[in-house]
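Below you'll find the structure, written out as structure tokens, and then a few comments.
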Amino acid sequence: MSDAAIVCSNLSFTWPDDTPVFHDLSFGVTPGRTGLVAPNGSGKSTLLKLIAGELKPATGTVSVRGTLGYLPQSLPLTGNLTVAEVLGVAEVIRALDAVESGDVGEEHFATIGDDWDIEERTRAQLDRLGLADLTLDRSLSTLSGGQVVSLGLAAQLLKRPDVLLLDEPTNNLDLEARHKLYDVLSDFNGCLLLVSHDRALLDRMERIAELGSDELRLYGGNFTEYEEAVRAEQEVAEKNVRNAEQELKREKRELQQARERAERRASNAARNLKNAGLPKIFAGNMKRGAQEAAGKSGTMHASRVGEAKARLDEAGRALREEQRLTLELPDTQVPAGRNLFLGEGMQARLGGKAVFAESGVDLTIRGPERIALTGPNGAGKTTLMRLITGDLAPDCGEIKRNDGRIAYLSQRLDLLDLDRTVAENFAAFAPERPEAERMNLLARFLFRGARAHLPVGALSGGERLRATLACVLCAEPAPTCCCSTSRRTTSTWSARASWRARSTPTRALSWWSAMTSGSSPRSGSTAGCDWPTERSRRREPPRCDPSVRAVARVRGRVPGGPTTDRIGRTPVPQPALLAHDVVRSLGDRRVLDGVCLTASPGHRIGLIGENGVGKSTLLRVLAGVDEPDVGSVTRPGDLGFLHQEMPFDADSPLAAVLDEALREAREDLAELDRLGEELARVPEGHPGHQELLDAYGRRLEQAQDRESWDADRRAALVLDGLGLGAVGHDRTLGSLSGGQRGRLALAALLVRRPSALLLDEPTNHLDDGAAAFLEEQVRGLPGTVVLASHDRAFLDAVCTDLIDLDPAVDGPVRYGGNYSAYLSEKRAEQERWERQYAEEQEELAGLRHSAGVTAHLVAPDRGRRDNEKMGYGHRAGRVQNQISRRVRNATRRLEELERTQVAEPSRPLRFAAGDLAARAEEGSQHLVSLRDVRVPGRLALDGLEVTTTDRLLVTGGNGAGKSTLLAVLAGRLTADGEVRRRRRLTVGLLTQDTVFEQPGRTVRDTYELSLGLPRAEKVPLDSLGLMHEADLDKPVGRLSVGQRRRLALALLVARPPQLLLLDEPTNHLSPRLCDELEEALGTGPGAIVVASHDRWLRRRWQGREIRLKAGRGPRKEAEPAGFHA
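If you count by the working numbering, then the sequence shown holds residues 119 to 1243, one letter each, in order.
Written out as structure tokens, the structure reads:
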């Protein structure tokens, strides 16, 4: 309905206790999606009730044009109504059933009306909201809170409303249900007005309405844009306040100065009049005139001060006050490790249907723990809460509870008496506390003054939650366990909560929370998959069981800091990684020569340099994989090392890798369980009790340091962040692509989180999202990180220091700062080295000349005089002595310089290949044409044509099919669809994994045998600028990964193909060579197709670009064989 609208005129409303809500409020809401925001208690829900007609205004009118649908915040969660009755379609469906059975009574047709398709529309609406499995005769009491909310929305949508009012429609919805609701509301074409604290939902609104007591302000755009507008208003308001404060100070100062001037004038006038000897009448008139003038001046300045105060007050009213909660978790005096709840084989039935899997649920809760309970709507989270609290008795299974009070915050928030005030409810929960202390505690929950004396029934949903929290957390005695199923603890608009745990790590509150907020998989949700549960601790392969609708247990962290999605831990003192005068030779070549390194916690050191200078070798020595020939290495006990090449067995499942990564954390938890049980059996006075307590404390400290309680959540987060969340845990490593194996090795390290981390080319095989995720995590690690990488963007974003292992005048140089800072300093350093070398060579040349000088060379034409006789020999000896002295000095200086002379500056490799691709023969411009190409599970491409001079960049996330596309273009992989190649087309392919069949052959022999001797002589390998002369006689198997990749590239460009295909060509190459290769890609004949994640390469790309998107099904990157010779 295009003219659907809401119009409110001069609306006023007051609660029966005379609490005002609105006064003379007027506004209009037109078609479109509008989000209503305001602090808790401002009357958002009250306004919706007034519009819906549930409340009557004191004054004013409400007009709704069109059919109205209204979903309130509070919905019935129990009752005997059926789904059809809640939807309002039960009578119509019964009438339809009667007509279909042959009963053609007129009353049935009257009931049906035009709704002959009601059952189909109902099923379609339920399906849109994720309720396809609900039967229409199912009882409301068997549904979860989230299912009830979705059902209520479906009931309103079936009315085909023109105007739709929604009050917190995402309450209790899981992530999938939320997204379905988002889609449904996006398709709604009428006038929508909703109240929500869900940022994602508010960001889908077309405008935001901010509610005040006497006005409703509309902001165009979504909630994010609204926040930006409010932030801009706040900046202006703060500036106005500062200006008004300065103005008030100035006016006050001027008022004071005016008073002082008046006093001085009065004093001077009195003295002058006295000395002048004027008559009293004249003196009195002059005095009175001066006083009147002073009074007028004072009045004027006082008026200005008043006006300045008024402007300051007005500016201050424009400032928004941020409300902040301060919540303290009470000390429950529960020893750490003490069992609070034990449940084995627990099962419950609702409506005759089992809630959990057939085997039931096993659950143990100990102090201290923070446990998040996640799962889809209907999985049984609330049911499990009720079993824990004793509100529901299990149909089978065994339950044991510790003595002590258990506090339960249900979805209904029904712990408080609605007719009593907040203060009265609080006094009932904490009667022993003095009244003054109770009021101070309520103020922490934002109940100040009159707000503390409002009836609970008059509070908003958010206020009711705060009141319930206040009563539960401050009750006496303190609860031993708190269970919460509420999702209203976070407000997007009105308040921020500051949580503090007063308890020590050995005495803490166990807090169970069943949160159904819209957390993405990155937040650690693992419901429905039993890998993070106890099964994994027995090292059984993880598997996802679709029948498991119970809870995935996620251990909470020990108090000591807020849980975050960052894979970082609380900074603790850790030993540094030290290397002193390390020397390492490979064969007869010295790779590392006297390397020293100090890596302290918090430092992220990048190793850079040309391929083969020893970056990977240094990492292996630091990791202890290789021992140094000379020197020493001091490393912490907890050290992790990411190799360039994966060390895992190809037949191992992914689950085994993750089990190994989580082994230490699980050992910590198992040992704490064992020690806790021992402590429970051994009395305090027993001689062994203190020893057990000390062992428990040490293990607890270690578990806290590793955050062992958070390990399973961290694993889910890391796998998802690195793009492995959808990979089955039973997949063998051999079935994974090279990129997936690399990401898995990286994930295993991030999950284990050692105190010192060594990374060798960590961003290889990572797409943009995974690289950004890795950057964030590495920057957040408090420990030591040493990494070798050729990813220029990664080095720039992560590193605090860089060590250049390329030959330098004084050996490896350490540079402070990131990669950009290194580049400028490196250029200056190279220039200084070259200048110093040139000056020294010039001096050496002069000294060598001086050292070879003799007397004859000094005076070759000097003859003997007639009268010299015996004196000739004497003078000749004297000259010889002088020359010898000069020669000795020169020789001594020469020897000294030659011992300590500056090394010759290295001549870095310069990529000198000619054209990378050859010009195609005359004919069609198309080299390869693809139509409707499909490789099941890998690639789906409607069409692509590669022309003779094409420069095509293929991008996309991991698993999108980039390597598969290159393999299809090269003819190495058969695909469904139409693939046409030009006749006699020559194709060269550089794959991600470079493999040579004969690793014992030298580089020179491999090159000559692969190309043939004539071609190898025509294009010498050392002329391409890809390999050093010293490496040509080295066996291929002893080359670094980057050097092998250079060799494979040399074999391709030495005989340029007409179509050159490069898969991640910059992987493992030095930054300088990457720059030169990128320049070469843009010139010359022939066609070049590049698949790359390199962000720098993509920024500089000048040709075409296509982006592949992964399909919905499982995908795997193609992995054609590497280069063989």
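Quick reminder that beta carbons are idealized off the backbone N, C-alpha and C, glycines included.
Note that the structure is predicted; figures quoted are calculated from it, not measured.
Own chain, CB closer than 8 Å to residue i, minus 5 neighbours either side, in chain order
i, result
"A779", "A833, A865, A866, L867, V869, R870"
"G223", "A216"
Selected residue, minimal CA-CA separation from residue i, among the options
i, options, result
"R897", "L534, G720, V267", "G720"
"T240", "E943, R738, A273", "A273"
"G839", "A874, E894, N882, E785", "E894"
"G424", "E353, E1182, E372", "E372"
"L282", "L1167, E225, V313, K298", "V313"
"R861", "R1162, T1109, N1076, T177", "N1076"
"Q858", "N882, D878, E1013", "N882"
"A291", "L876, G263, S734, L311", "It should be pointed out that residue 291 corresponds to Leu in this sequence rather than to Ala. Residue G263 is the option with its Cα nearest to L291."
"A1168", "R556, W1214, G1089, V1121", "V1121"
"L965", "A1008, E1126, P930", "A1008"
"L1267", "E1194, I1206, D1151, V201", "This structure cannot speak to residue 1267, because the chain is shown only from 119 to 1243."
"V701", "S718, I726, T716, G732", "G732"
Close beta carbons around residue i, own chain, < 7 Å, minus the five adjacent residues each side
i, result
"D121", "R183"
"R952", "It should be noted that the sequence gives Glu, not Arg, for residue 952. So the qualifying residues of the chain are P1023."
"R656", "Because R656 sits at a pLDDT of 30, beneath the cut-off of 50, its placement in the model cannot be relied upon, and the following sentence gives the value as read from the coordinates. Here the set comprises nothing."
"A546", "none"
"T132", "P138, V139, A176"
"D235", "none"
"V690", "Low confidence applies here, because V690 scores a pLDDT of 38, under 50, leaving its location unreliable; read the following figure in that light. Closer than 7 Å at Cβ, skipping near neighbours: D823."
Proximity below 8 Å, CB of residue i to CB of residue j
i, j, result
"N307", "D321", "no"
"R817", "L790", "yes"
"V713", "L695", "no"
"A376", "S421", "no"
"L247", "K298", "yes"
"E324", "G150", "yes"
"L787", "S826", "yes"
"G730", "D1140", "no"
Under the three-state DSSP convention, the category residue i falls into
i, result
"V1053", "strand"
"C592", "coil"
"Q808", "helix"
"Q374", "helix"
"K518", "strand"
"A1205", "strand"
"R183", "strand"
"L587", "helix"
"A946", "helix"
"S259", "helix"
"A525", "strand"
"K471", "strand"
"M1145", "coil"
"D1123", "helix"
"L460", "strand"
"G178", "strand"
"H419", "helix"
Cβ-Cβ separation, residue j to residue i (assumed contact under 8 Å), whole Å
i, j, result
"R722", "V903", "4 Å"
"R1069", "Q1176", "Contact doesn't hold; Cβ gap of about 14 Å is too wide."
"G461", "D431", "Not a contact, Cβ separation roughly 60 Å."
"D919", "Y933", "7 Å"
"T586", "L527", "6 Å"
"E958", "Q1043", "Incorrect: roughly 58 Å between the Cβ atoms, too far for contact."
"K1080", "G1089", "In fact, because the Cβ distance is near 17 Å, the residues do not count as touching under 8 Å."
"R753", "L772", "So it is not a contact: roughly 28 Å between Cβ atoms."
"L854", "P880", "Not quite, the Cβ-Cβ distance comes to about 17 Å (not below 8 Å), so this is no contact."
Cutoff 6 Å; reference residue i; Cβ partners in own chain excluding five residues on either side
i, result
"Y337", "I326, Y344, A347"
"D706", "none"
"G1155", "P1117"
"A362", "R429, L430, A433"
Cβ-heavy atom distance, residue i to the ligand ZN, below 7 Å
i, result
"L193", "The ligand ZN is absent from the structure shown, which contains no ligands of any kind."
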